[in-house]
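Note that the working numbering has the first sequence beginning at 6, numbered continuously upward.
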Amino acid sequence: MLEVHVKTFGDTAFGIVYEGKAVFASNFGVNSEDVLRSFQRMFPIEAPLRVAAEPSAFAQKAVIVMRDIYEGKSTDETVLLALGRFPAYTQRVLKAVSRIPVGYVASYGGIADAVGGGARAVGNVMATNCFAPLVPCHRVVSSSLGLGGYGGGLRVKYEFLRREKQGFTEPNQIPIEGGVLRVFPVEFVLRKLEKKHDATTPI
DNA sequence: TGCAAACCATAAC
DNA sequence: GTTATGGTTTGCA
């Protein structure tokens with residue numbers, strides 16, 4: 006049976022749906038009710054969810070990792086994701102996005118070049134991503150260095166990227182299974198946004 | 001800039 | 001099978 010663990014750090018709640026040592030879904034929100042509601046939408050009635058009375062060590066670690074990602078820290082901890090229920094292509098996209106390092110972003114089309122398919126198909130996977138922010142879909146932007154979209158709202162995406170600045174100045178290439186993924190510094194996106202809008206309220 | 005047409009995997013019928 | 005649906009992209013006015 007799937008279990009749920011939600012924990013609030015500061016003013017943000019982080020939650021996972023898990024079984025054993027694999028995460029079936031993750032999300033964050035303004036409070037635990039918010040996160041639980043999102044899980045109920047992802048897992049319709051047939052899969053009953055049970056809030057863990059005593060979250061396993063794995064569950065507690067996973068939530069910590071999520072908080073670290075949220076805060077923009079570059080963690081090398083990895084959390085096992087249960088991807089088996091998704092189509093093969095979806096799995097490839099999710100894995101590729103997971104490889105984008107903190108401080109860099111990739112475009113929808115760039116991901117498509119690396120794993121096959123097209124940019125819109127990649128966008129579809131992002132739109133239905135069940136693993137925010139463990140799969141850092143906030144690091145996927147439009148080819149014109151615009152923000153693209155984000156389930157939680159563009160403001161949230163922008164704040165993510167701002168916290169992830171690392172001072173990189175040059176594009177880079179990340180080797181992934183079956184190809185290379187072209188990435189570029191998150192500063193490229195932030196600069197463009199700040200130029201376009203008022204520097205204080207870019208969104 | 002703005003708009004239209006091409007693009008591509010999925011889910012729903 | 002077919003159709004509808006996007007967190008896209010590119011080209012062209």
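Note that the Cβ used here is the ideal one computed from N, Cα and C, for glycine as well. Model, not experiment: these values are computed from the prediction.
Buried/exposed call for residue i, threshold 16 Cβ in 10 Å
{"i": "glutamate 175", "result": "exposed"}
{"i": "serine 79", "result": "exposed"}
{"i": "alanine 93", "result": "exposed"}
{"i": "glutamate 59", "result": "exposed"}
{"i": "arginine 72", "result": "buried"}
{"i": "glutamate 199", "result": "exposed"}
{"i": "glycine 89", "result": "exposed"}
{"i": "glycine 288", "result": "The first residue shown for the chain is 6 and the last is 208, placing residue 288 beyond what the model contains."}
Reduced DSSP secondary structure (H/G/I, E/B, other) of residue i
{"i": "alanine 87", "result": "coil"}
{"i": "lysine 12", "result": "strand"}
{"i": "asparagine 129", "result": "helix"}
{"i": "tyrosine 75", "result": "helix"}
{"i": "glycine 20", "result": "strand"}
{"i": "alanine 204", "result": "Because alanine 204 carries a pLDDT of 46, less than 50, the predicted location of this residue cannot be relied on, and the following value inherits that uncertainty. Alanine 204: coil per DSSP, three-state reduction."}
{"i": "tyrosine 155", "result": "coil"}
{"i": "leucine 198", "result": "helix"}
{"i": "glutamine 45", "result": "helix"}
{"i": "arginine 103", "result": "Rather than arginine, the amino acid found at residue 103 in this sequence is serine. Reduced to three states, the DSSP call for serine 103 is helix."}
{"i": "leucine 139", "result": "coil"}
{"i": "phenylalanine 189", "result": "strand"}
{"i": "alanine 93", "result": "helix"}
{"i": "glutamine 65", "result": "helix"}
{"i": "alanine 117", "result": "helix"}
{"i": "valine 110", "result": "strand"}
{"i": "phenylalanine 29", "result": "strand"}
{"i": "valine 161", "result": "helix"}
Same chain, Cβ closer than 6 Å to residue i, neighbours up to 5 away in sequence not counted
{"i": "glycine 184", "result": "Ala119"}
{"i": "asparagine 177", "result": "Val188"}
{"i": "valine 248", "result": "There is simply no residue 248 to check, as the chain begins at 6 and stops at 208 in what is shown."}
{"i": "arginine 104", "result": "Ile179, Ile181"}
{"i": "arginine 97", "result": "Val120"}
{"i": "glycine 128", "result": "Tyr113"}
{"i": "arginine 125", "result": "none"}
{"i": "threonine 95", "result": "Val130"}
{"i": "alanine 87", "result": "Ala27, Phe29"}
Sequence-distant residues of the same chain with beta carbon closer than 8 Å to residue i, five excluded per side
{"i": "alanine 30", "result": "Ile21, Val22, Phe44, Met47, Phe48, Cys135, Phe136"}
{"i": "alanine 52", "result": "Leu7"}
{"i": "threonine 13", "result": "Phe19, Asn36, Ser37"}
{"i": "lysine 197", "result": "Leu150, Gly151"}
{"i": "serine 148", "result": "Ser112, Tyr113, Gly114, Gly115, Ala124"}
Same chain only: Cβ atoms within 7 Å of residue i, ignoring 5 sequence neighbours per side
{"i": "valine 161", "result": "Tyr155"}
{"i": "glycine 122", "result": "Tyr94"}
Do the stretch 108-125 and the stretch 135-149 make contact, defined as three or more Cβ pairs closer than 8 Å? yes
Note to self: With three or more C-beta pairs closer than 8 Å as the rule, is the stretch 22-31 touching the stretch 63-83?
What the structure shows: yes
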